[in-house]
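Reviewing the structure listed below.
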Amino acid sequence: MNEDLAEIDASGRLLFIGLWCLADREGKLEDRPKRIKGEIFRFDGISSQEVDALLNQLREFQLIIRYEVDGVRFIQIPNFLKHQRPHYNEKPSSIPNPLPTKVESACDQGDNEGARKGGALRSDSLNPDSLNPDYRSKDLSTAEPPTPSFSVQDLAILWNENAPPELAKVNLPFKRPPKVMTKMRDAIKRNHDRRWWERVLLKTRDSPFLLGVNDRGWKASFDFMIENAEVILDGKYDGGKPSQPKGWGALKESMQRRRSDAQ
């Protein structure tokens with residue numbers, strides 16, 4: 002967890018989460034505050050100017066990079082590829098990388114904020130690992146590359162490839178509101194082993210109840226599986242009985258009483 006997020010207000014933290022959902026496979030997106038407001042704060046009373054100010058705040062804490070190439074402004078999330086593993090079928094990014102010497106905001110033309118904080122950004126500020134406080138103490142010549150983590154997108158692909166035909170597949174790339182995506186990422190952080198989720202999927206496939214064999218005809222969804230993965234694996238939904246007509250229990254008791262009276 003990045004402790005700098007604690008210094009940012011709730012709207013800024015929500016914006017940062019939302020940017021992860023809007024970014025392409027390399028963690029880049031167009032720097033268009035009005036459009037970003039429409040995607041993340043559609044139903045909130047936050048103006049595009051306030052969104053731009055929040056983006057500046059995220060930039061000051063080095064959580065994002067705001068830059069311009071050929072007159073077009075973009076945003077990059079430095080640590081995106083450290084925590085995400087895009088699907089191989091996802092289209093390559095069409096957004097250029099930031100220039101190594103100059104980074105500026107969409108609204109800080111003539112702003113000397115960077116100079117007051119120590120001048121132009123160094124080239125290592127474009128390295129995702131440079132946001133780690135221990136970065137400069139590491140011997141980069143011997144450091145091993147980070148192991149790609151299992152992501153919500155990976156799990157969505159696994160679901161589509163293995164879920165039985167009774168259960169609905171999800172659209173890819175998988176998207177949910179920021180708060181829901183945060184909960185899903187937390188669930189995967191608790192159990193980040195792909196094989197663990199494969200076992201959850203297998204238990205889901207083997208459960209008649211989760212496949213719709215219940216009195217309501219209800220079927221499990223991808224979202225339900227993530228939220229209830231632990232109890233599914235523990236066997237809470239094992240087994241299942243064919244659906245019975247409403248009132249079957251009362252009719253069965255009545256028939257049993259009649260047999261008893263006849264005896």
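Take the sequence shown: its position 146, counted from the start at 1, is 147 in my numbering, and no numbers get skipped.
Even for Gly, the Cβ is constructed at its ideal location relative to N, Cα and C.
Quick check on DSSP: helix, strand or coil for residue i?
i: residue 77; result: strand
i: residue 190; result: helix
i: residue 31; result: strand
i: residue 96; result: coil
i: residue 231; result: helix
i: residue 66; result: strand
i: residue 84; result: helix
i: residue 15; result: helix
i: residue 213; result: coil
i: residue 39; result: helix
i: residue 71; result: coil
i: residue 171; result: coil
i: residue 184; result: helix
i: residue 208; result: coil
i: residue 179; result: helix
i: residue 261; result: helix
i: residue 155; result: helix
i: residue 90; result: coil
i: residue 219; result: coil
i: residue 49; result: helix
i: residue 24; result: coil
i: residue 225; result: helix
State yes or no: is the C-beta of residue i within less than 9 Å of the C-beta of residue j?
i: residue 1; j: residue 20; result: Not covered by the structure: residue 1. The range shown for the chain is 2 to 264.
i: residue 192; j: residue 164; result: no
i: residue 30; j: residue 75; result: yes
i: residue 279; j: residue 6; result: This structure leaves residue 279 out entirely; the chain is present only between 2 and 264.
i: residue 62; j: residue 52; result: no
i: residue 216; j: residue 239; result: no
i: residue 195; j: residue 91; result: no
i: residue 96; j: residue 58; result: no
i: residue 88; j: residue 173; result: yes
i: residue 70; j: residue 101; result: no
i: residue 300; j: residue 175; result: Past the boundaries of the shown model lies residue 300; the chain is included only from 2 to 264, so the question cannot be answered.
Tell me, to the nearest whole angstrom, how far the beta carbon of residue i is from that of residue j; I am working on the premise that it is less than 8 Å.
i: residue 179; j: residue 78; result: That pair is no contact at about 14 Å.
i: residue 220; j: residue 159; result: The Cβ separation is near 18 Å, so there is no contact.
i: residue 260; j: residue 234; result: The Cβ separation is near 42 Å, so there is no contact.
i: residue 50; j: residue 152; result: Their Cβ separation, rounded to whole angstroms, is 33 Å, which puts residue 50 and residue 152 out of contact at 8 Å.
i: residue 223; j: residue 171; result: 5 Å
i: residue 227; j: residue 185; result: 5 Å
i: residue 55; j: residue 12; result: 6 Å
Buried or exposed: which applies to residue i, given that a residue is buried once 16 or more other Cβ atoms fall within 10 Å of its Cβ?
i: residue 232; result: exposed
i: residue 35; result: exposed
i: residue 204; result: buried
i: residue 258; result: exposed
i: residue 73; result: exposed
i: residue 149; result: Its pLDDT being 46, under 50, residue 149 is placed unreliably by the model, and the measurement read from it follows with that caveat. Result: exposed.
i: residue 236; result: exposed
i: residue 39; result: exposed
i: residue 46; result: exposed
i: residue 155; result: buried
i: residue 32; result: buried
i: residue 44; result: exposed
i: residue 28; result: buried
i: residue 262; result: exposed
i: residue 112; result: For residue 112, the pLDDT reaches just 48, beneath the cut-off of 50, and the residue's location in the model is therefore unreliable, leaving the point undetermined.
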